[in-house]
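Have a look at the structure below, then the notes.
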DNA sequence: CTCCCGCCTGCCGCTACGTCAGGGTCAAGG
DNA sequence: CCTTGACCCTGACGTAGCGGCAGGCGGGAG
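Residue numbers (my numbering), protein chains in the order written: chain A, 437 to 688; chain B, 437 to 688.
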C-alpha cells in the first residue's frame with residue numbers, strides 16, 4: 437500500500453506543503469521515492485502521521501513531537517495510554533473554563549463585579565492542582581455544573597426574561613417573609629428555600645439538597661454573593677442560608 | 437484601578453512582550469500612559485484582555501479576535517454564551533478523540549488492523565463538509581456513526597468481551613454454513629446475514645438494510661476487510677456480501 | 001545620590017507552515 | 001505519438017505571534 441503526497445494529504449486532512457515540511461525537518465520522511473523522485477508513503481508512515489497530527493492538535497511543537505514518537509522506551513499501548521491521558525487533562529481544562537464562564541454568567545446576572553484575580557484564575561497560566569481544589573471547594577459537584585452549562589447554552593432571550601421574572605418574584609416574596617419576622621426554619625421560609633432549589637433545578641441543573649446546601653454555604657463564604665443578598669435586604673443572606681439548610685434537613 | 441504592564445502580565449499569566457505585541461497591532465491598547473510613557477491598564481482593559489486570552493486559547497488568530505471582540509452587535513451576555521458554546525464544541529471534539537483512542541486501544545488488543553480512513557477520520561484538522569461527505573459515503577448516515585461512537589465509549593471491558601464472543605460465535609456458524617455448500621441466498625445464509633446486521637445494531641449503531649449493504653460493499657471494496665474475511669475462510673467475503681444483499685432484498 | 005528593578009522602543013530570530021515560481025511526470029484522450 | 005491537465009518536485013520568500021536582547025530612561029528605597 438503506497439500513497440502519494442496528495443493522497444496522504446487528502447485522507448489525513450493536511451496540506452501537501454505541510455507534508456513537505458515534515459519531510460524537510462525529518463519529522464516524517466516517506467519510506468521511499470519513485471524513480472521520478474515522487475514521495476511514497478506506506479502504512480507505517482501513515483501511522484506515524486496519525487501520531488504527529490494527534491500531538492500537533494494538542495499544541496505540541498514539532499520537535500517535541502519527534503522526541504515523543506521516537507522515544508524507544510514506549511510501546512504502542514503506552515502511546516495510546518499517554519494520548520488518552522492528555523485528552524482527559526484537556527477536557528478537564530476546558531470544563532474548568534466552562535465553569536468559569538458559568539460563574540461569570542451568574543455574576544453578571546446578579547450584577548457582581550469580578551476582581552482581576554477572578555478574571556484570570558482560569559485563563560492565562562493557572563496552576564492545575566491549586567485550581568482543581570478551588571473548583572471542588574466552590575462547586576462540590578462539577579458534573580452538576582456541566583449539566584447547567586448544557587442547558588443554559590440553549591436558552592433564548594425569552595427564556596432569560598422569564599428566569600429573571602421568576603427570580604424577582606421569588607425575591608419579593610422572601611423579602612416579605614423575612615420582614616414578617618417568622619424564623620428561617622418556619623414552613624414559609626423553608627417553602628421559599630425549596631422554591632429556590634426548584635428554580636435552579638428547572639433552569640440550570642439538577643440541584644439536590646446536598647448541592648443546594650453547598651450553594652447556600654457559598655453564598656455565605658463568598659463576599660460578593662453575600663453582598664448581593666444583603667443589598668436586597670439586610671440579613672437576607674444568612675436567613676436564606678439557614679432556610680436552605682432547614683429545608684434540606686426536613687426533607688431528608 | 438490602574439496597572440502597569442508587569443502587573444497585568446503577572447495576573448493574566450502572559451508575558452510583557454505579548455502585551456507589547458497586542459498594543460502594537462491594536463488588539464489591546466492600554467487606556468492611557470503615564471507622563472513618562474509607561475502603559476497604564478484599567479479594569480476595562482483587563483476585561484478585554486480576558487476575552488482576548490479566551491479566544492487565543494481556543495486558537496483564534498489575533499485579527500479575528502479583534503473582530504469578535506469589537507463586534508458592536510454583541511452584548512456581554514452574548515459573548516458569554518458564545519464562549520460557552522465554543523467550549524462545549526471543543527469538549528465534544530476532544531471526547532470524540534477519546535472515543536477514537538479507546539477504539540484504537542481495543543482494536544490493538546483484538547489485533548485488528550485499522551484502515552487509513554479510520555486512522556484519520558477523527559484526527560487531522562478535518563474539513564467538516566468533506567469529512568462528512570466521506571463519512572456519509574462510507575456509513576450512509578453519519579448520525580449513525582456518531583451514535584456508534586457515543587455508545588462504544590461507554591462499553592466496559594465485559595461488554596467488549598461479550599461482543600468478541602458473540603462475534604466469534606457468529607463467525608463459526610457462518611463458516612459452517614459456507615462449508616456446507618448451501619448458496620448465499622439460502623435461508624440459512626440470509627439468517628446469518630440478518631444476525632450480522634443485528635449484532636451491529638445492538639452494539640454499535642442502528643444498521644438499516646441500506647447501511648448494511650453499503651457495509652457489505654465496503655467489505656469487498658476495501659482489501660483489508662476482504663482479507664480479514666478471506667483469512668477466516670476462503671470465499672467468505674464474497675459469500676457474506678451476497679448473503680447480505682439477498683437478505684436486504686428479501687426483507688424489503 | 002545611587003542602585004536596581006521595571007519600563008520604553010527598536011530589531012533580529014524562530015516556528016510552522018502558506019504561497020508562488022519554474023519546471024518535470026504520468027495517464028488519458030485525440 | 002503527441003498533447004493536455006492534473007499531479008509532483010525543489011527552492012525561495014512571506015506571515016503570525018510572539019521570544020529575547022540591546023541600549024536607554026524612570027522611580028522609589030536606602
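Think of the CB as a built atom: it goes at the ideal place given N, C-alpha and C, for glycine as much as any other residue. Treat the numbers as computed from the prediction; the structure is a model and nothing was measured.
Rounded to whole angstroms, residue 446 of chain A and residue 442 of chain B show a C-alpha spacing of 46 Å. Here residue 456 of chain B is exposed: its Cβ has fewer than 16 other Cβ atoms, across all protein chains shown, within 10 Å.
Under the Cβ distance rule, residue 537 of chain B counts among the residues neighbouring chain A, one pair being separated by less than 8 Å. Between residue 669 of chain B and residue 620 of chain B, the CB-CB gap reaches or exceeds 8 Å.
For residue 505 of chain B, not one C-beta of chain A is nearer than 8 Å to its own C-beta.
By the neighbour-count criterion, in which a residue is buried when 16 or more other Cβ atoms sit within 10 angstroms of its Cβ, residue 634 of chain B is exposed. Taking the C-beta atoms as reference points, residue 523 of chain A is found nearer than 8 Å to residue 533 of chain B.
Considered as a whole, the segment 597-640 of chain B harbours 623-639 as its complete alpha helix (DSSP H) runs of no fewer than 4 residues, in chain order. About 7 Å separates the CB atoms of residue 467 of chain A and residue 480 of chain A; that is less than 8 Å, so the two are in contact.
At least one beta carbon of chain A lies nearer than 8 Å to the beta carbon of residue 516 of chain B. By the 16-neighbour rule on beta-carbons within 10 angstroms, residue 492 of chain A is buried. Taking a Cβ-Cβ cut-off of 8 Å, the neighbours of residue 526 of chain A in chain B comprise 530, given in sequence order. For residue 680 of chain A, the uninterrupted alpha helix (DSSP H) segment begins and ends at 672-687. Between residue 614 of chain A and residue 672 of chain A, the C-beta spacing is below 8 Å. Here residue 538 of chain A is buried. Its C-beta has 16 or more other C-beta atoms within 10 Å. Here DSSP, grouped into helix, strand and coil, assigns residue 439 of chain A to strand.
For the segment 451-477 of chain A, the set of residues with a beta-carbon nearer than 8 Å to any beta-carbon of chain B is empty. Each residue's CA atom was taken as its position, placing residue 499 of chain B and residue 463 of chain B some 8 Å apart.
Using beta-carbon distances, residue 441 of chain A does not count as an interface residue toward chain B, since no partner is under 8 Å. Between residue 684 of chain B and residue 648 of chain B, the C-beta gap is smaller than 8 Å, which places the two residues in contact. Residue-level contact by beta carbon fails for residue 626 of chain B and chain A, as no gap is shorter than 8 Å. Annotation for residue 496 of chain B: no alpha helix (DSSP H) segment contains it, and DSSP assigns it neither H nor E.
Between residue 444 of chain A and residue 485 of chain A, the CB-CB gap stays under 8 Å.
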